[in-house]
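Visitor: If you count by the working numbering, then the sequence shown holds residues 158 to 637, one letter each, in order. Each residue gets a CB set at the ideal place from its N, CA and C atoms; glycine is no exception.
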Amino acid sequence: MDMKIGHFIGGEWISAAPGSGIPVENPASGEIFAEVPAGGHAEAERALDAASGAAKAWARTPPVERAAYLQKVAVLLRERVDSFAETIMAEQGKPLTQARGEVMGTAMQLDYHAQWARRIEGDTVASDNAGEHILILRVPYGVVVGLIPWNYPLSLTARKAAPALVAGNTIVVKPHEVTPLSALRLAALFEEVGLPRGVFNVVTGTGTELGEALVGSKKTNLVTLTGSVRAGHEVMRRAADNITQVSLELGGKAPLIVCEDADLDYAAERAVFSRFRNCGQVCTSNERTYVQESVFQPFTEKFLARVQSLRIGDPRSDPDVGPKVSRAEVEKVEAMVARAVEQGARVLTGGGRMSSAPFDRGYWFQPTVLTNLDPSMEIVRQEVFGPVASLIPFADYDDALQQANDSDYGLSAYLFTHDYRKVMRAVNELEFGEVYVNRVGPEAINAYHTGYRLSGIGGDDGRYGFETYMRKKTVYLSPN
Numbered sequence: 158m159d160m161k162i163g164h165f166i167g168g169e170w171i172s173a174a175p176g177s178g179i180p181v182e183n184p185a186s187g188e189i190f191a192e193v194p195a196g197g198h199a200e201a202e203r204a205l206d207a208a209s210g211a212a213k214a215w216a217r218t219p220p221v222e223r224a225a226y227l228q229k230v231a232v233l234l235r236e237r238v239d240s241f242a243e244t245i246m247a248e249q250g251k252p253l254t255q256a257r258g259e260v261m262g263t264a265m266q267l268d269y270h271a272q273w274a275r276r277i278e279g280d281t282v283a284s285d286n287a288g289e290h291i292l293i294l295r296v297p298y299g300v301v302v303g304l305i306p307w308n309y310p311l312s313l314t315a316r317k318a319a320p321a322l323v324a325g326n327t328i329v330v331k332p333h334e335v336t337p338l339s340a341l342r343l344a345a346l347f348e349e350v351g352l353p354r355g356v357f358n359v360v361t362g363t364g365t366e367l368g369e370a371l372v373g374s375k376k377t378n379l380v381t382l383t384g385s386v387r388a389g390h391e392v393m394r395r396a397a398d399n400i401t402q403v404s405l406e407l408g409g410k411a412p413l414i415v416c417e418d419a420d421l422d423y424a425a426e427r428a429v430f431s432r433f434r435n436c437g438q439v440c441t442s443n444e445r446t447y448v449q450e451s452v453f454q455p456f457t458e459k460f461l462a463r464v465q466s467l468r469i470g471d472p473r474s475d476p477d478v479g480p481k482v483s484r485a486e487v488e489k490v491e492a493m494v495a496r497a498v499e500q501g502a503r504v505l506t507g508g509g510r511m512s513s514a515p516f517d518r519g520y521w522f523q524p525t526v527l528t529n530l531d532p533s534m535e536i537v538r539q540e541v542f543g544p545v546a547s548l549i550p551f552a553d554y555d556d557a558l559q560q561a562n563d564s565d566y567g568l569s570a571y572l573f574t575h576d577y578r579k580v581m582r583a584v585n586e587l588e589f590g591e592v593y594v595n596r597v598g599p600e601a602i603n604a605y606h607t608g609y610r611l612s613g614i615g616g617d618d619g620r621y622g623f624e625t626y627m628r629k630k631t632v633y634l635s636p637n
């Protein structure tokens, strides 16, 4: 794989001494195929200094000129979709079609946010004083730190960087140490199109060392994170030292409600797609599938048949399901399923790791369906983030809404019904940042991706996501 590897700071590539970095594994085989530097406090400060040094000039650059760099990178991504898909498959394990989709989605992210260049607006407020004008401007924060998860390593980098740059901020990106290569390749594209030095920086390392240093620095003006609840807690604690602004998207435990009047074939197909896309490693996946008792058996049969027909294999062969991203992740899912079974859960299919050839290497877990679940079980309450579906019956619609809302998370929720009254109750009563009716994700780029409770603070996409990267400045213009 031909690519530059190292920290990208101030327009320069900084490599680590051989053997002193972080190995990058192919989750399909367990093979180590690359190594990136293990940055710490020194690298964090150097990157923040580079971003800070470029911030004023970049903020003065007209927004349409800032946006032009994003559009140029989007063109290059579309031209090199196969090459970037290879990187995603190698480091993350996403199947070919899904990996190509992530690359094209990244290009769309860049193009979409570039359009906001001519939509940065403020307000004029009437003054009590004669001849005076009061302006409320939207201005950049300055230096943004973007903390990127491993499940969509390229598109989520762009989801943070694109609006930040168009709004006039500079950014330091820390990709997850498991999947650092996609962000580095994106940095190389920004270098290729001539983005000014220091505007876009990428540093690699662990969250406990590099991430903590970036979040805790006084030079950081805004932290935007997509990650786990645990990571969100740590970011908030560290950011509190300097009262640094944060935007946190922290995952979910989405309920999917199937009512007896729904199209069961369609609901089952969509429920399987949502649960097992990207090996279940999607924050909006339906982690809890609630089915009305009167149709629980026929729905289960349809759902189970589709799960058992899923193709599993090497990402390059374009299966439906690839491997889990790492040893730690597959062991976590294995342990959660084992505890559920110990507590009385029934396994309808799957239930464990895959170990026979060609799955004797890498991090493979069988697509799994569980029933006989109690609401108190960990598998029902905690995010699995893996290919495990939980089927849970409900008695009536009140019961469905109550079980759906009984969660510490509040990102996405799904409803399948043809009853308008049930739809309106879901709109009013489901306590989630996103509610999908008769469809599943992914979310729309021009909407707003936000969660309640442990699912986070703030959000991404659309007008409201773009405004995350700007703060307000009030100006009083007096004639005296």
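Ala264 to Ile277, Cα distance in whole Å?
Guide: 21 Å
Visitor: By DSSP, does Tyr626 sit in helix, in strand, or in coil?
Guide: coil
Visitor: On the criterion of 16 or more Cβ atoms from any shown chain inside 10 Å, does Phe542 qualify as buried, or is it exposed?
Guide: buried
Visitor: Within its chain, find whatever has a CB closer than 7 Å to the CB of Gly619; leave out the 5 residues flanking it on each side and keep chain order.
Guide: Asn603, Ala604 and Tyr605
Visitor: Taking a contact to mean a Cβ-Cβ separation below 9 Å, would you say Gly590 touches Gly622 in this structure?
Guide: No, the pair does not count as a contact, with Cβ atoms beyond the cut-off.
Visitor: Between which residues of its own chain and Lys229 is the CB-CB distance below 7 Å, once the five residues before and five after are set aside?
Guide: Val350
Visitor: Would the region 335–351 and the region 428–442 be scored as touching if the rule is three or more Cβ pairs under 8 Å?
Guide: no
Visitor: Looking only at its own chain, which residues have a Cβ that is under 8 Å from the Cβ of Val296, when we skip the five neighbours before and after it?
Guide: Ala216, Gly325, Met627, Arg628, Lys629 and Lys630
Visitor: Contact check, Arg484 vs Ala425 under 8 Å by CB: the rounded distance?
Guide: About 32 Å separates the two Cβ atoms, so there is no contact after all.
Visitor: Reducing DSSP to helix, strand and coil, say where Ile414 ends up.
Guide: Look at Ile414 here: in three-state DSSP terms it is strand.
Visitor: Just to confirm the assignment: which complete alpha helix (DSSP H) runs, minimum length 4, are found wholly within the region 501–569?
Guide: Taken in chain order, the unbroken stretches of alpha helix (DSSP H) that lie wholly in the region 501–569 and span 4 residues or more are 535–538 and 554–562.
Visitor: Could you check where the alpha helix (DSSP H) with Leu467 kicks off and where it finishes?
Guide: Segment: none, Leu467 is in no alpha helix (DSSP H) and carries neither H nor E.
Visitor: Leaving out five residues before and five after Leu343 in sequence, what residues of the same chain have Cβ atoms less than 6 Å from its Cβ?
Guide: Thr314
Visitor: Could you have a look at Lys331 and say whether DSSP puts it in helix, strand or coil?
Guide: strand
Visitor: Beta strand (DSSP E) containing His575: first to last residue?
Guide: Taken as a continuous stretch (DSSP letters only), His575 belongs to no beta strand (DSSP E), as it is neither H nor E.
Visitor: Look up Arg295 in the DSSP assignment and give the residues it is bridged to.
Guide: Arg295 is bridged by DSSP to Lys629.
Visitor: Quickly, what does DSSP pair Ser404 with across the bridge? List them, please.
Guide: Thr381
Visitor: In the DSSP assignment, find the unbroken alpha helix (DSSP H) run with Thr446 in it and report its ends.
Guide: Thr446 -> not in any alpha helix (DSSP H); beta strand (DSSP E) instead, spanning Asn443 to Gln449.
Visitor: Which of the three DSSP states is assigned to Thr336 in this structure?
Guide: coil
Visitor: For Asp477, count the other beta carbons within 10 Å of its own beta carbon; 16 or more makes it buried, fewer makes it exposed. Which is it?
Guide: buried
Visitor: Runs of 3 residues minimum, wholly inside the region 233–316: which ones carry the beta strand (DSSP E) assignment?
Guide: Qualifying beta strand (DSSP E) stretches, in chain order: 280–283, 290–297 and 300–304.
Visitor: Report the rounded CA-to-CA distance for Lys579 versus Thr441, giving the unit in angstroms.
Guide: 22 Å
Visitor: Pair every Cβ in the region 375–387 with every Cβ in the region 299–314, then say whether three or more of these pairs are closer than 8 Å.
Guide: yes
Visitor: Could you check the C-alpha separation between Ile291 and Lys213 for me, to the nearest Å?
Guide: 24 Å
Visitor: Tell me Ala191's beta-bridge partners as DSSP assigns them.
Guide: Val181
Visitor: Exposed or buried, His270, counting other C-beta atoms within 10 Å across all chains shown (16 or more means buried)?
Guide: buried
Visitor: Name the two residues that bound the continuous alpha helix (DSSP H) containing Phe589.
Guide: First-last for Phe589: undefined, no H or E at that position.
Visitor: Does the region 219–238 come into contact with the region 517–527, if we say contact requires no fewer than three beta-carbon pairs (one atom in each stretch) closer than 8 Å?
Guide: By the criterion of at least three beta-carbon pairs nearer than 8 Å, the region 219–238 is not in contact with the region 517–527.
Visitor: How would you call Arg183, buried or exposed, if buried means at least 16 neighbouring beta carbons within 10 angstroms?
Guide: The question names Arg, but residue 183 in the sequence shown is Asn. Sixteen is the threshold: when 16 or more other Cβ atoms of the shown chains lie within 10 Å of the Cβ of Asn183, as they do, the residue is buried.
Visitor: For the pair the region 497–515 and the region 393–411, tell me if three or more CB-CB distances fall below 8 Å.
Guide: no
Visitor: Do you know whose CA, among Ile400, Arg468, Gln449 and Leu253, lies nearest Val415's CA?
Guide: Gln449
Visitor: By DSSP's criteria, Tyr571 is part of a beta bridge. Which residues make up the other side?
Guide: Per DSSP, Leu413 and Tyr593.
Visitor: Among Gln249, Asp531, Val238 and Lys376, which one has its Cα closest to the Cα of Ile189?
Guide: Gln249
Visitor: Between which residues of its own chain and Leu611 is the CB-CB distance below 7 Å, once the five residues before and five after are set aside?
Guide: Val386, Leu407, Asp565 and Tyr566
Visitor: When we look at the beta-carbon of Asp422 and count the other beta-carbons within 10 Å, is it buried (16 or more) or exposed?
Guide: Exposed, by the Cβ-count rule.
Visitor: Can you tell me the Cα-Cα spacing of Ala583 and Leu568, whole angstroms?
Guide: Going from the Cα of Ala583 to the Cα of Leu568 covers about 14 Å.
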